[in-house]
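J.: For reference, the structure I am asking about is given below.
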Amino acid sequence: MPIYTIAHYKIRPQGINKVKRAIEEFVTYVTANEPGTRTYVAWQQESDPTRFVHFFIFDDKTAHKKHSSSDAVKRFESVYRPELDGADVVFTDYNLIATNQDSRGTR
């Protein structure tokens, strides 16, 4: 059963470009090395560029665990954690109710 996760966080203004570069590198890694991560999308809030949201779809618990325990996650965390402004990253898992996408996330 797929796992749908959303993560959101706020960083300090001076860390925006550093974190954006790290996100781009991280998503490139995920795309090349995590076939069980169906979707990985990162957004920057338009009205407050210090706020970021990441959306993931994992094939199953095994894919989620592989992602969470990877060295790439540790490297990404080492970049964004020092730039956090206030609270830590909040991760929330969701169950799918309905979608206009097929099982692989495409129409």
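For the sequence shown, the residue numbers in the working numbering are 1 to 107. Every residue, glycine too, gets a C-beta built ideally from N, C-alpha and C.
#1: Just to confirm the assignment, what range does the beta strand (DSSP E) spanning residue 41 have?
#2: Does the contact criterion of 3 or more C-beta pairs under 8 Å hold for the stretch 42-50 versus the stretch 67-77?
#3: In whole angstroms, what separates the C-alpha of residue 34 from that of residue 9?
#4: Considering only the beta carbon of each residue, do residue 56 and residue 37 sit closer than 9 Å?
#5: Would a C-beta distance cut-off of 9 Å place residue 92 and residue 7 closer than the cut-off?
#6: How big is the Cα-Cα spacing for residue 32 and residue 52?
#7: So, residue 4 versus residue 96, is the Cβ gap smaller than 9 Å?
#8: Among the residues of its own chain, which have a CB less than 6 Å from the CB of residue 90, if the five just before and after it don't count?
#9: Straight-line CA distance for residue 69 to residue 48?
#10: Taking the alpha carbon of residue 72 as the point to measure from, which residue in 20, 26, 58 has its own alpha carbon closest?
T.: Checking against the coordinates, here is how it stands:
#1: 37-44
#2: no
#3: 23 Å
#4: yes
#5: yes
#6: 23 Å
#7: yes
#8: 8
#9: 30 Å
#10: 26
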